[in-house]
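> Have a look at this one before I ask anything.
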DNA sequence: TTTAGCACTCATCCTTTCTGAGTGCTAAAG
DNA sequence: CTTTAGCACTCAGAAAGGATGAGTGCTAAA
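Structure follows, in structure tokens:
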């Protein structure tokens, strides 16, 4: 059954007032607030209906109404107005995103912090663990006769390096040989194809400097392993103390410690968000994780490039300013997607405002 | 004036009992606990003396005594017994430290998390911003005709790389030229010696591919800048909620938000710790920062190598288990120093238990 | 110097009372 | 049939009054 216009208007007023004040809303206050020219008695009747239908709840008999999860859901689906960010806000976000070196994990972490600061809720950001990666090429750079740099590049175009110091002398030709060997034997292999057997064979071919092969390949394996495992960053957990629903230290603590369990978070939250691209809102009991049953989560996903995705999200009480949070979050997520999609600046072209 | 043996014994008993229970300690309890064969009345007299002298405080007239900051100070300086870590604990620490790739920032971050988890207090770790660094060498690796990898190495032997994609074609000889140019013009220069003028000159010499010079040099500058700026990591802030002194949400919130101000933390804490190498304990009002006036901090410093240092520390209420925390912290700090001091494994020698 | 005894203090807990916001229901008005 | 005014009722939360008991300081005797 579709709700009457008036009921919707009232529901919306209840939700928005409660979001602001965190106090149950009474019929009298609504009579003024909702812009309806009816008396509080009429509103009381409507409120009774809405409660009956499950959109509102009463903390106790003589209190005003607060939205139920179902009420929030209707609000989010139909009643909420798209929030537009102020110029100042967009500028702030853009600045923060473009800052500094474009290292994946740092950017993601930074984005989470920013979102938390922007919304006053705890935030988290994570990257989906990449599927089977391989090494695309090896390079070895001789620094001096006792050290060299190994540079490996994956098929997802991530480049990592490591400096190796050695007790023994090492010549340029030796290093050349090793490089060729590495590039023949280990390129295009996934992590579990890099077997000890394979390494033995290559070590044999390497002659005297056989030990270096395993050294470099282990490094390559570490790189693959790290890239394939998903990372989770949380930020601003202390913000939950800002909100009156967490005045109870016990509650706050429970949520906080849940938030610091990276793995649980990733599991519970990555799944729903990675389904499609839009911003997802999970209200209270809609969350699968028990710890989040009276908590809401807003999620947005972004593209890291190369078909990979990440998720950025915000956690807060069900009484959350969904409109604002969703707007900010999707703006940041879009920003991230653009950032990772955008190729390196062409030479001679200094950075420019769009 | 030196305290009598008995007074010390009583003070110590008060401190240790209060650390455990967080409850003011009364004369009766002490009579049993302190292993003294005197009556509670005698103890009461002694307690009155200790209070007079400023080592103890009374929350209110009819309560037991709690240690004053001065009392904790005496305890820490003279009365506290060196705590030894259990084998299990040392093993846990060692395992956590040796895990994964040896990237400076990740290890430091990880160490902070571990300390927090180990002590149940919030922890932080930071690295002193390096002094004037320079680039020691540049290498450019051609990937394909439209992209190359820049590898830069600082005089502190940190190596960083970045992949550049270009719209224009690029040949091996061109890249060779660029490399030589970079290594002649920009090696050995500090960040502020890498002036625009210098870049103009080099760009001129580079001919057609002049844009690449500034691209790579900007990258190098980013690297230097990042290494020279100090980084702060905090972990386990939520642990403060475990302790009864922060049942008051307002208090907890204040401390938490202070802990998330990286810069303030770094300033307030790096200074005292970097003075010398021992473990430092700052009790309540001994802290310079106002926000920490009723909070204690335990600090230990470690060597990152190359003459640089970092600090790792723990924050908690003045009622803190100083003995345990100090022991764990200095063990971890030592572990970090060793970790960074230890050179790369020689080839052919697989990792081994010591 | 130590101890027993005793009156006194004061946070904490528990119960009781009071208050007021907000309700549901009824009956009259539109 | 819908809206409104009026009124009795409910109940959380604040305020106020005891009661409890741990712990003290002081005095006087051992």
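Protein chains in written order, with the numbering used here: chain G, -2 to 351; chain C, -2 to 351. From the three backbone atoms N, C-alpha and C, an ideal C-beta is built for every residue, glycine too. These numbers come from a predicted model, not from an experiment.
Please state the DSSP three-state secondary structure of residue 136/C.
Three-state DSSP puts residue 136/C in a strand.
> Tell me whether residue -1/C sits in a helix, a strand or coil according to DSSP, three-state version.
Coil at residue -1/C, not helix or strand.
> Can you name the residues of chain G whose CB is closer than 8 Å to the CB of residue 140/C?
Simply 134, 150.
> CA-CA distance, residue 142/G and residue 168/G?
Distance between the alpha carbons of residue 142/G and residue 168/G is about 6 Å.
> Which stretch, first to last residue, makes up the alpha helix (DSSP H) that contains residue 322/G?
Unbroken alpha helix (DSSP H) run through residue 322/G: 319 to 338.
> So which residues of chain G does residue 146/C contact, with C-beta pairs closer than 8 Å?
Result: 136, 148, 150, 156.
> For residue 293/G, which beta-bridge partners are listed by DSSP?
313/G, per the DSSP bridge assignment.
> Check whether the Cβ atoms of residue 131/G and residue 227/G lie closer than 8 Å to each other.
Result no, Cβ atoms of residue 131/G and residue 227/G do not sit closer than 8 Å.
> Rounded to whole angstroms, what's the CA-CA distance from residue 235/C to residue 240/G? Just pull it up for me.
Whole-angstrom Cα-Cα distance: 16 Å.
> With a threshold of 8 Å between beta carbons, is residue 250/C in contact with chain G?
So yes, residue 250/C belongs to the interface.
> Given that a residue counts as buried once 16 or more other Cβ atoms are within 10 Å of its Cβ, and exposed if not, what is residue 17/C?
Answer is exposed; the Cβ neighbour count stays below 16.
> Can you check the region 171 to 208 of chain C for any beta strand (DSSP E) of at least 3 residues that lies completely inside it and give the ranges in chain order?
If we require 3 residues or more, the region 171 to 208 of chain C turns out to have no beta strand (DSSP E) run fully inside it.
> Could you please tell me which residues of the region 304 to 326 of chain C, in chain order, have their CB closer than 8 Å to any CB of chain G?
Residues passing the 8 Å Cβ filter: none.
> Between the region 157 to 183 of chain G and chain C, which residues of the former have a C-beta closer than 8 Å to a C-beta of the latter?
Against chain C - using a Cβ distance shorter than 8 Å - the residues of the region 157 to 183 of chain G are 157, 158, 159, 160, 161, 162, 163, 164, 165.
> Please state whether DSSP places residue 367/G in a helix, a strand or coil.
Not covered by the structure: residue 367/G. The range shown for chain G is -2 to 351.
> Could you compute how far the alpha carbon of residue 12/C sits from the alpha carbon of residue 5/C?
Going by the C-alpha atoms only, they are around 10 Å apart.
> Given a threshold of 16 other Cβ atoms within 10 Å of its Cβ, counted over all protein chains shown, does residue 335/G qualify as buried or as exposed?
The residue is exposed, with fewer than 16 neighbouring Cβ atoms inside 10 Å.
> Starting from the Cα of residue 85/C, find the closest Cα among 338/C, 325/C, 331/C, 330/C and give me that residue.
Answer by Cα proximity: 325/C.
> For the beta strand (DSSP E) containing residue 162/C, list its first residue and its last residue.
Run containing residue 162/C: 156 to 162, per the beta strand (DSSP E) assignment.
> What does residue 244/G touch in chain C if you count any residue whose Cβ is under 8 Å from its own?
In chain order: 246.
> Grouping DSSP H, G and I as helix and E and B as strand, with all else coil, what is residue 241/C?
Three-state DSSP puts residue 241/C in a helix.
> In the DSSP assignment, find the beta strand (DSSP E) that holds residue 150/C and state where it starts and stops.
From DSSP, the beta strand (DSSP E) with residue 150/C extends over 144 to 151.
> Where does residue 210/G sit, in a helix, a strand or coil, going by DSSP?
Reduced to three states, the DSSP call for residue 210/G is helix.
> Using a Cβ-Cβ cut-off of 8 Å, state whether residue 238/C counts as contacting chain G.
Residue 238/C counts as touching chain G.
> Can you name the start and end residues of the beta strand (DSSP E) that residue 124/C belongs to?
Its beta strand (DSSP E) spans residues 120 to 124.
> I need the DSSP call for residue 52/G, collapsed to helix, strand or coil.
Coil.
> What is the residue span of the alpha helix (DSSP H) that residue 69/G lies within?
Counting along the chain, the alpha helix (DSSP H) containing residue 69/G begins and ends at 66 to 71.
> If you draw a straight line from the alpha carbon of residue 154/C to that of residue 160/G, how long is it in whole angstroms?
Residue 154/C and residue 160/G: Cα-Cα distance of roughly 8 Å.
> Just the C-alpha distance for residue 24/G and residue 243/G, rounded to the nearest angstrom, thanks.
Rounded to the nearest angstrom, the two C-alpha atoms are 26 Å apart.
> By alpha-carbon positions, which one of 194/G, 162/G, 149/G ends up nearest to residue 180/G?
Measuring from the Cα of residue 180/G, the nearest candidate turns out to be 149/G.
> Any beta carbon of chain G sitting closer than 8 Å to that of residue 93/C?
Answer no: the Cβ-Cβ gap between residue 93/C and chain G never drops below 8 Å.
> Does DSSP put residue 34/C in a helix, in a strand, or in coil?
Residue 34/C falls in the coil class under three-state DSSP.
> Below 8 Å, how does it come out for the region 209 to 220 of chain C and the region 281 to 289 of chain C: are there three or more Cβ pairs, yes or no?
The region 209 to 220 of chain C vs the region 281 to 289 of chain C: no contact.
> Name, in chain order, the residues that DSSP records as bridge partners for residue 115/G.
Residue 115/G pairs with nothing; no bridge assigned.
> Can you name the residues of chain C whose CB is closer than 7 Å to the CB of residue 257/G?
What residue 257/G touches in chain C: 235.
> Going by DSSP, what residue range makes up the alpha helix (DSSP H) through residue 87/G?
84 to 95 is the span of the alpha helix (DSSP H), which, as asked, contains residue 87/G.
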